[in-house]
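Below: one structure, written as structure tokens.
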């Protein structure tokens, strides 16, 4: 397919096939790349067409940390070129899933909360203590949080999506896969581009780049982008937009080549997001909805209207900046690469989290992440049968977070209505001696401070043995040592949440016997009397007995019904006398692979690989000690677990025996243990004139998957016992005639929870995980029509992506079992007139047919029976003008 003038085409091919080879290329590969270049230079029409691009070694990937052609790379990897990104109007990683069927990206309640999923595995959203199972690398630099990799993609050369565990070649957290973004380096020929686009919702997109020489051995490049759009959602009661775009990026690079064998690439970038996001619609209005309206609020159940109700405009501010230096030295048959990087991420969120216009509760997060990474690799390029790659990776990161939950003016009347007694809180305040109006008063509900220091290092490498031409045996390894030290502290200000309702009943009942149970001496003396133990046992039984028809007052504890309103009980800080606030992990991962060139056009491989991701920390107010460190009181069915944090009834445990505060304490997790992956994979890669076909069959297992699920008022972090997925990935390109290309890619997944006994929704062992479609399909048709010998080309592209219908989840913790499903059918298109003088004029559309589907759903916040969710984005379209020089 033709995409530029002859000189620009030659520059791009030279950059792809020659410059981006930091450790040197085998002589044969360099010769083949040169052959392609010579063919380009002698091509009469002066443009690259699809047949040119799909033959030879034009597409070179670094998926194995070595430069190989896509056909030769013996792993399942999909490559999205700069041309595809441009034609499909793919602006960020969120859009990438429409052309990479094994990848799914889910954006949640704000601009910085997204999850990357490959082959059905992925996590890391909404908690900065959890690193993603899918690692994102930009120019070889690990981006540890999704918020640091979501800005618009500028000056990208290609994006590689590596499916399955990649820990043996990537130093940090690649248990499910890798997204590797490679940008264009500076060039020694002057050139660049500028682009402006305007679309519906007043979408203005501007980006540009310029590159050229400073001297004979120093080159530079500058690039940037600006993206602003009105929101496609409306906060009806505030008459404000939501789901807008307001982001920009800037980056500068210098390339030093003091000798033919040494190059140094220095990069610095800054990106900024300041947006109002996201549309949260009500899918099911539960029994709490009348109370929302009764206190002057509203919600909307027209899910795809994009009309919502909030009491404040969400604030999402993300600042992401840093720099890196990559040095490549080619010492004959040995190449050395060093990548040093430092990055800072600042994320601020302030939003209404009850997602109604009633002023019930809002949340503020102020998060800061500072990361230093160092990678060093040595690779050989011997003529003999043995070659090796040996590398080391060091990671040092600090995470800090300040969080607040704030109770609004409508909280007290809203929750009072839910109790059925509008005066209940005043009665409780009088009975407990609390200030009038203090329960659910407007103001701080919680205040938390979290921090985590993470240092890790790894040694990785591969050895290739080629006893005969075309047969290669590969062994790879990775040893990782990971240390995390974390500190969590918080205050819960709600007076009701600080009262244990079972203890309050016991204190009141024993007061009738003249005993002050809050005084250990008096209680001890009473229990020493003959009748004391019997009375205490009877009172304790009544204290945890909810009132019912069979147990009416006074044979029950009428206070227990209020336990459901103790949303944010006191927090047990860590480190403490029992919990040291540390995780220490180490792991040895390895890969065994055999690859064989069946013919010059057909390659086959078989591999067994393991992967690893270290423990993740629950940096949230929902962090709780594990069962065993603390043992709550045994409770009858139907009694809220918070009551188990009884001072009188909780049995002996390390936390209790250490004298730590336990009022309303519940168990959960401070952290989740490591994820360990293994995969068997069989692949075939074929390439013939006009046709390429890649097929990978896999059987993948993830033990200890770090599940993180919203439970209605908080998040639960837990390890799933074992999750498996079997399936295949197929991709093909067909070029029946010059200028016409068809692509087809499909992923089939058959996942299963082999073991997950303690999920937030019960035992899921033997069930299919929700949210993983059986089929993902991406296909496209592109036609480049040449206007004679004018040098002008009209490029038309149409692409379609599909996710088969699937249940979104395995049930919700509060709402329970459900049949919410998602099916995706997206059609995108573009048409561009590319002129010989470098000017391009075109139009584009995404979600052309305005397909509507549910992204995900969750329990309504403090609204039992309500289900909220995220609707898909509507159709967007626009026109673009671009000039390349």
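In my numbering, the protein residues as written are 818 to 1702. Built from N, CA and C at the ideal position, the CB exists for glycine as well.
Answer yes or no: do residue i and residue j have a C-beta to C-beta separation smaller than 8 angstroms?
i: residue 1557; j: residue 1600; result: yes
i: residue 1160; j: residue 1185; result: no
i: residue 1225; j: residue 1179; result: yes
i: residue 1621; j: residue 1590; result: yes
i: residue 1481; j: residue 1317; result: yes
i: residue 1645; j: residue 1668; result: no
i: residue 1406; j: residue 985; result: yes
i: residue 982; j: residue 1513; result: no
i: residue 1151; j: residue 1197; result: yes
i: residue 1251; j: residue 1223; result: no
i: residue 1127; j: residue 1055; result: yes
i: residue 1132; j: residue 1172; result: no
i: residue 1489; j: residue 1523; result: yes
Rounded to whole angstroms, what's the CA-CA distance from residue i to residue j? Just pull it up for me.
i: residue 1066; j: residue 1011; result: 14 angstroms
i: residue 1440; j: residue 1655; result: 57 angstroms
i: residue 1651; j: residue 1595; result: 25 angstroms
i: residue 1450; j: residue 1461; result: 4 angstroms
i: residue 1579; j: residue 1628; result: 9 angstroms
i: residue 1027; j: residue 1187; result: 30 angstroms
i: residue 1640; j: residue 1671; result: 8 angstroms
i: residue 965; j: residue 1700; result: 29 angstroms
i: residue 1615; j: residue 1378; result: 58 angstroms
i: residue 1555; j: residue 1603; result: 10 angstroms
i: residue 1362; j: residue 1371; result: 10 angstroms
i: residue 989; j: residue 882; result: 14 angstroms
i: residue 1319; j: residue 1357; result: 8 angstroms
i: residue 953; j: residue 921; result: 13 angstroms
i: residue 1100; j: residue 1686; result: 6 angstroms
i: residue 1321; j: residue 1297; result: 50 angstroms
i: residue 1402; j: residue 924; result: 30 angstroms
i: residue 1240; j: residue 1256; result: 12 angstroms
i: residue 1593; j: residue 917; result: 9 angstroms
i: residue 1419; j: residue 1509; result: 10 angstroms
For residue i, which of the options has the nearest alpha-carbon?
i: residue 977; options: 946, 878 and 1540; result: 878
i: residue 1506; options: 1518, 1527, 1500 and 1552; result: 1552
i: residue 1684; options: 1269, 1635 and 1659; result: 1635
i: residue 907; options: 954, 891 and 971; result: 971
i: residue 1443; options: 1432, 1485, 1481 and 1413; result: 1485
i: residue 1423; options: 1297, 1290, 1510 and 1469; result: 1290
i: residue 1106; options: 1679, 1195, 963 and 1691; result: 1679
i: residue 1078; options: 1137, 1051, 1127 and 1153; result: 1153
i: residue 1286; options: 1266, 1305 and 1200; result: 1200
i: residue 950; options: 957, 958, 936 and 956; result: 936
i: residue 1706; options: 1430, 1626 and 1133; result: Lying outside 818 to 1702, the shown extent of the chain, residue 1706 is not represented and no answer is given.
i: residue 1324; options: 1465, 1534 and 901; result: 1465
i: residue 1120; options: 1697, 1689 and 1541; result: 1689
Would you check whether the ligand FAD has a heavy atom nearer than 7 angstroms to the C-beta of residue i?
i: residue 1615; result: Looking for the ligand FAD in the displayed structure turns up nothing, as the structure carries no ligands at all.
Under a Cβ-count criterion, where at least 16 other Cβ atoms within 10 Å of its own Cβ denotes burial, should residue i be classed as buried or exposed?
i: residue 1445; result: exposed
i: residue 960; result: buried
i: residue 1253; result: exposed
i: residue 1618; result: buried
i: residue 890; result: buried
i: residue 885; result: buried
i: residue 1111; result: exposed
i: residue 903; result: buried
i: residue 1355; result: exposed
i: residue 1014; result: buried
i: residue 887; result: buried
i: residue 1345; result: exposed
i: residue 1031; result: exposed
i: residue 1024; result: buried
i: residue 864; result: In this predicted model, residue 864 has a pLDDT of only 31, less than 50, meaning its place in the structure is not dependable; the value taken from the coordinates is given anyway. The residue is buried, with at least 16 neighbouring Cβ atoms inside 10 Å.
i: residue 1369; result: exposed
i: residue 1735; result: In this structure the chain extends from 818 to 1702, so residue 1735 is not present and cannot be described.
i: residue 1351; result: exposed
Per DSSP, residue i is paired with what?
i: residue 1123; result: Bridge partners of residue 1123: none, in fact.
i: residue 1050; result: 1059
i: residue 1510; result: 1503 and 1549
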